[in-house]
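Written as structure tokens, this is what we have:
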């Protein structure tokens, strides 16, 4: 056996079969199944099932072929854009035009039916009003009233018949007419009724012992006058052969005219078309109808109209339609077609520019992904696609600048962090250690650095100086002014301490807080811009006597809690740094065991909630009263939690500083 023969022997029998697709296999299998079923059985159901399976297989093959063809066609971006344009613009436009035409046709038909139906109801209502007037007419003039009503309505309703039954007497119009059978019912009814196979307008009113019946034969002329020149009117009643009621199988006809000539003249005709787009309108509406031999039951008929669009438009717009509206519509249609062709041309022509721009953008993004922000793509033309290319170039330029700005921002953030750390060094490092006195303070900055300031310092005489301030503004400028205030306080305090030490009365009792605040005011005014200022509260506490001497320079009055009562301290002058020679006074306060002094800035009282309501001093006083028995640190924590809960946000609206002094 040769090598070739051995290789053929190794191949299985299935390897010699053709490589068919799944859809082709399904088609062959369905054909075989259909042939087998036809050969094996003549059962119609199985044969139909086989045919359905075969058709399904062919349909599936066609769908797969169509998908492959479409995918190959729209792989190119230009073809994809053309297809997208067709689905986005052309097909929706055709649907809109078709929908608008259908809606116009349906609306016109509805309008024609409305005109005919409303006019018919109005005339039937006149019969009902006439019947009501006869029913209310006095007995003395009933006969004249019948003649007058009949004469008024005779021209509108030829063949009008009026019957008035009153106390056993009959009044009729025309006089001497044979009486009609009286109709059962409650009265006060009107509408359409079929009597002797002809359509009539009917009104029936019963008042007291008087019954009024009016029958008006409805002729072709009556329906022609409802909407002259608009449409052909017909009343159709579809009989029910399965019904046992014979009146439902009667034919409705219009009452014949007096002569064949009048009948021919009254025949309505469908308006002639003015052009090939003048559609016919076939519309109808249901109207209640009764048959004279069974008035107790109401049936339904169809009031139909046969008209044209031009007739409805002419009725709507009178004579201006032919001379103004239709030429305008033709012009508008031509313009729409022209615009559509121009749009298709423009849509196809710009695809080349779009694809080139997309390729350039793709290459540019690849370069950017590799970190090459210096790459610039080529700009072609002056349209929006070119502007997109320019935008990409501007983006890469901006990214380059943003990288520089980001580095600068990181440097500034590092410097701000250093400034925050430096500012933190300005606050006291440790709490004062005085027997019988607790001092707690906390400052939360709204930004990286704060414009609030608090300080306490042990004096050489054994006293304690306590200060709190609020610089106008926030951020860096406020922080710089806060540092200047702290430096001024330390500088001026050393001079004032020296003066107080020379006083024979003792350092604590003679420490001039007002003098210190005045000097700080002048120094700040001399070394800062005119619009910069700060509120400042400075006090000196004597542990021997418990006396607190303070000067409040425009700061929010501290709250004193004593024996369950909250009171506010004095304000001894205006803010510091605004005017160089502002006067300041000082006050004295004896701190008793159990007293709590709460100093704060406006960042505690002025935060607002979602309704624009401020936290306020009253809430702060209530919190201080409630927590007066707690340590100072817990009082501060409760206030901060209350403010954050009130505002509903952990983000501060302003710098928040609290200082609590408690006498134990």
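In this note's numbering, the protein residues as written are 44 to 707.
C-beta atoms are modelled at their ideal positions from N, C-alpha and C, and glycine is treated no differently.
Given the structure is predicted, the values throughout are model-derived calculations rather than measurements.
- Excluding the 5 residues flanking it on each side, residue 660 has same chain C-beta neighbours closer than 6 Å at 648, in chain order.
- As summarised for the stretch 321–409, the continuous beta strand (DSSP E) elements at least 3 residues long and confined to that stretch are 323–334 and 337–351, given in chain order.
- Shown here, residue 476 sits in coil according to DSSP, grouped into three states, outside any helix or strand.
- In the three-state reduction of the DSSP assignment, residue 255 falls in the strand class, which pools E and B.
- Look at the beta carbons and you see the stretch 144–157 not touching the stretch 192–205: under three pairs across the two are nearer than 8 Å.
- CA-CA distance, residue 524 to residue 571, rounds to 8 Å.
- Annotation: the continuous alpha helix (DSSP H) that includes residue 689 extends over 675–690.
- For the pair of segments examined, the stretch 507–526 was found to touch the stretch 576–592: the number of CB pairs separated by less than 8 Å reaches three.
- Counting of Cβ neighbours within 10 angstroms places residue 705 among the buried residues, the total reaching 16 or more.
- For residue 262, no beta strand (DSSP E) segment is defined, and its DSSP state is neither H nor E.
- With 16 or more other CB atoms across the displayed protein chains lying within 10 angstroms of its CB, residue 620 is buried.
- Contact annotation: residue 343 and residue 329 have beta-carbon atoms nearer than 7 Å.
- For residue 497, the closest C-alpha among the options 490, 485 and 453 is that of 485.
- Here residue 408 is exposed: its Cβ has fewer than 16 other Cβ atoms, across all protein chains shown, within 10 Å.
- When DSSP states are grouped into helix, strand and coil, residue 275 belongs to the strand group.
- Under the three-state reduction of DSSP output, residue 157 falls in the helix class.
- Taking the Cβ atoms as the reference, residue 278 lies roughly 6 Å from residue 242, within the contact range of under 8 Å.
- As a beta-bridge residue in DSSP terms, residue 579 pairs with 512 and 596.
- Comparing C-alpha distances from residue 213 to each of 186, 195, 198 and 516 shows the shortest one belongs to 186.
- In this structure, residue 489 sits near residue 698, with a CB-CB distance shorter than 7 Å.
- Under the three-state reduction of DSSP output, residue 706 falls in the strand class.
- The C-beta of residue 444 has fewer than 16 other C-beta atoms within 10 Å across all chains shown, which makes the residue exposed.
- Here the stretch 624–633 makes contact with the stretch 589–608; the two share three or more CB pairs at distances below 8 Å.
- In the DSSP assignment, residue 611 falls within the unbroken beta strand (DSSP E) covering 608–611.
- A residue is called buried once 16 or more other Cβ atoms fall within 10 Å of its Cβ, and residue 650 is buried on that count.
- Check the Cα spacing between residue 136 and each of 384, 112 and 221: the tightest is with 384.
- Counting other Cβ atoms within 10 Å of its Cβ, residue 615 reaches 16 or more and is therefore classed as buried.
- DSSP places residue 243 in the uninterrupted beta strand (DSSP E) bounded by 241–250.
- Counting the other Cβ atoms within 10 Å of the Cβ of residue 499 gives 16 or more, which makes it buried.
- Residue state for residue 421 is assigned as coil, using DSSP reduced to three classes.
- For residue 237 against residue 334, the beta-carbon gap comes to about 5 Å, under 8 Å, which counts as contact.
- Shown here, residue 604 sits in a strand according to DSSP, grouped into three states.
- Of 529, 535 and 420, the smallest CA-CA separation from residue 471 is found for 529.
- Under DSSP, residue 560 takes part in no beta bridge, so it has no partner.
- The DSSP-derived three-state label of residue 185 is helix.
- Spatial neighbours of residue 222 in its own chain (CB-CB distance under 8 Å, excluding positions within 5 residues in sequence) are listed in chain order as 206, 213 and 215.
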